[in-house]
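Using this note's numbering, the first residue of the sequence shown is number -17, and each one after it goes up by one.
Positions of the beta carbon are idealized from the N, C-alpha and C atoms, including for glycine.
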Amino acid sequence: FPSHDTQAHDRWSISLPIHLIAGASIYFRAACLGHLPLMTPFQDIETWISHIKTHRISITSLIPRQLSRLTKFLNVSKTKLPSQLKYLLIGGDYLGLDLLEEALQLGLPVLRTYSMTEAGPQVACEVAPLSGLKLLPIIHTKIIQQQLFLQSPSLFDYEFSWDEEQQCLTLQSLSEKFTP
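1) By how many angstroms is the C-alpha of methionine 98 removed from the C-alpha of alanine 12?
2) Helix, strand or coil: how does DSSP classify valine 58 here?
3) Using the Cβ count rule (16 or more neighbours within 10 Å means buried), how would you classify alanine -10?
4) So who's on the other strand from glutamine 129, going by DSSP bridges?
5) Which residue or residues does DSSP assign as beta-bridge partners of threonine 42?
6) Which value, in whole angstroms, describes the spacing of the CA atoms of serine -8 and histidine 33?
7) Exposed or buried, which one is threonine 95 when buried takes at least 16 other CB atoms within 10 Å?
8) Got a sec? Which residues, its chain only, sit under 7 Å from isoleucine 27 by beta carbon, not counting five neighbours each side?
9) As a quick exercise: from Gly73, Asn57, Gln87 and Ile125, pick the residue whose alpha carbon is nearest that of leucine 115.
10) Going by beta carbon distance, what residues of the same chain come within less than 8 Å of threonine 123, once the five residues before and after it are set aside?
11) Taking the alpha helix (DSSP H) that threonine 29 belongs to, which residues open and close that run?
12) Name the two residues that bound the continuous alpha helix (DSSP H) containing serine 7.
13) Histidine 1 to isoleucine 125, Cα distance in whole Å?
14) Whose C-beta lies closer than 6 Å to the C-beta of threonine 152 among residues of the same chain, with five residues either side of it excluded?
15) Could you tell me how far apart the beta carbons of threonine 22 and serine -3 are, in whole angstroms, since I believe they sit closer than 8 Å?
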């Protein structure tokens, strides 16, 4: 997401379980940027919207299923999200074009994100709605024999492979394979 557009007074809502990488990463991203992360459970949408408004949340992250519930609620109730909500990061699963377009028509500040648990909390994000995913500046890629390799300070620097002769897993450093 466009971290250059964040301010010290921005507040992050943690609407995903923190025992999952997505929820925990919101806490760490907010803290690293000097922002205040607040727990905002998503079970009841009216309570969630009230919390967003009351605590002046400006950045939050949802999965597509939550976005679907939110858009249905907003369409039926004719409720609007508070204007201070600058970014609604959506990731964790496939986001269909119909749902994305519906959310944007409702004026939701949706930015699509992409992450892989094994590659860290976030790999790519849009900088504006429908701008297309862009790799984060700390992510470097390389394709070797039709395999995509990612390098980043947030990544585990080894790969596991099965050694048929020894009948065990072995660990090989990816640093030897990858030079950005």
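Here's the rundown:
1) The alpha-carbon atoms of alanine 12 and methionine 98 are separated by roughly 19 Å.
2) In the structure shown, valine 58 sits in a helix (DSSP, three-state: H, G or I).
3) With fewer than 16 other Cβ atoms within 10 Å, it is exposed.
4) Beta-bridge pairing links glutamine 129 to Ile126.
5) Note: threonine 42 sits in a beta bridge opposite Ser(-5) and Leu70.
6) It is aspartate, not serine, that sits at residue -8 in the sequence shown. Cα to Cα, the separation comes out at about 15 Å.
7) Buried, since its Cβ has 16 or more Cβ neighbours within 10 Å.
8) Closer than 7 Å at Cβ, skipping near neighbours: Arg51, Leu52 and Phe55.
9) Distance check between leucine 115 and each of Gly73, Asn57, Gln87 and Ile125 places Gly73 closest, using alpha-carbon atoms only.
10) So the qualifying residues of the chain are Leu117, Leu130, Phe131, Leu132 and Gln133.
11) In the DSSP annotation of this structure, the continuous segment of the alpha helix (DSSP H) that includes threonine 29 starts and ends at 27 to 36.
12) Run containing serine 7: 3 to 14, per the alpha helix (DSSP H) assignment.
13) If I take the Cα positions, the gap works out to 32 Å.
14) The residues Ser143 and Asp145, in chain order, have a CB closer than 6 Å to that of threonine 152 in the same chain once the five nearest residues on each side in sequence are set aside.
15) 5 Å between Cβ atoms; contact.
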